[in-house]
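**Q** Please see the structure below; I have some questions.
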Amino acid sequence: MDIIDTGKVLAKIQAFDNRNVDDPTQIAWQEILEPYMLQDALDAVTHYFKANTGWIMPAHVVERVRDTEQARVRMFKNGCHLNRADEERTLEASGFDSWSDAMKALNRAAATGQITPDAYEAYQESEQTLASVLGSQKAIK
Numbered sequence: 079m080d081i082i083d084t085g086k087v088l089a090k091i092q093a094f095d096n097r098n099v100d101d102p103t104q105i106a107w108q109e110i111l112e113p114y115m116l117q118d119a120l121d122a123v124t125h126y127f128k129a130n131t132g133w134i135m136p137a138h139v140v141e142r143v144r145d146t147e148q149a150r151v152r153m154f155k156n157g158c159h160l161n162r163a164d165e166e167r168t169l170e171a172s173g174f175d176s177w178s179d180a181m182k183a184l185n186r187a188a189a190t191g192q193i194t195p196d197a198y199e200a201y202q203e204s205e206q207t208l209a210s211v212l213g214s215q216k217a218i219k
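Final position of the sequence shown in our numbering is 219; the numbers increase by one with none missing.
The following block contains the structure:
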């Protein structure tokens, strides 16, 4: 999530609790929300205010986003693994610096919803590299 996306999250929060949002507030929230996806954060805000009337903090958003990400990962019943083609190639050729980086990217893609269980199954059965499946966002952190 970039600073503009963080502003969108804060604008939604502001609509609920009338907080003042200034640049330092946006920067502070950005430091916390940066690794997460915009839509997940917006959904977390909605779910928070469906059940709570109190002041929302970044930790509330992160907790709900992590729950969403964990639910996505649980949809991958046998976990996530590189396909045979990626295992056999040098990982530099597939766009990643190391096996560990590729696994982190794959697991992060599963958590954020960038790769669905069906897309993962297709990847496993293909000769495509993970980098090509994930497209230009291969460097997910």
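Where is the CB? At the ideal position from N, CA and C, for every residue including glycine.
Examine the Cβ distances between the region 155-166 and the region 113-121 and report whether three or more of them are shorter than 8 Å.
**A** Flag = no, the region 155-166 and the region 113-121 do not touch.
**Q** Would you report the Cα separation of residue 178 and residue 184, rounded to the nearest angstrom?
**A** 10 Å
**Q** Suppose you measure from the CA of residue 151 to the CA of residue 107; what does that come to, to the nearest Å?
**A** Answer to the nearest angstrom: the Cα atoms are 25 Å apart.
**Q** What whole-angstrom Cβ distance do residue 143 and residue 119 have, given they're in contact under 8 Å?
**A** 6 Å
**Q** Residue range of the alpha helix (DSSP H) that residue 159 falls in?
**A** For residue 159, there is no enclosing alpha helix (DSSP H), since its DSSP letter is neither H nor E.
**Q** Go through its chain and collect everything with a Cβ distance to residue 201's Cβ below 6 Å, but skip five positions before and after it.
**A** 161, 211
**Q** Please list the terminal residues of the continuous alpha helix (DSSP H) segment that includes residue 85.
**A** 81-95
**Q** Suppose the cutoff is 7 Å on Cβ atoms and the five residues either side in sequence are ignored; what does the same chain contact list for residue 91 look like?
**A** 97, 123, 134
**Q** From residue 205 to residue 80, what does the alpha carbon distance come to, in whole angstroms?
**A** 33 Å
**Q** Thinking just about the alpha-carbon of each residue, which of 109, 125, 158 is nearest to the one in residue 198?
**A** 158
**Q** Tell me which same chain residues have a C-beta within less than 8 Å of the C-beta of residue 214, skipping the five on either side of it?
**A** Confidence is the limiting factor: at residue 214 the pLDDT is only 47, short of 50, which leaves the residue's position unreliable, though a coordinate-based value still follows. There are no such residues.
**Q** Check residue 185 in the structure and name its three-state DSSP category.
**A** helix
**Q** Just verifying my parser: in three-state terms, what is the DSSP assignment at residue 202?
**A** helix
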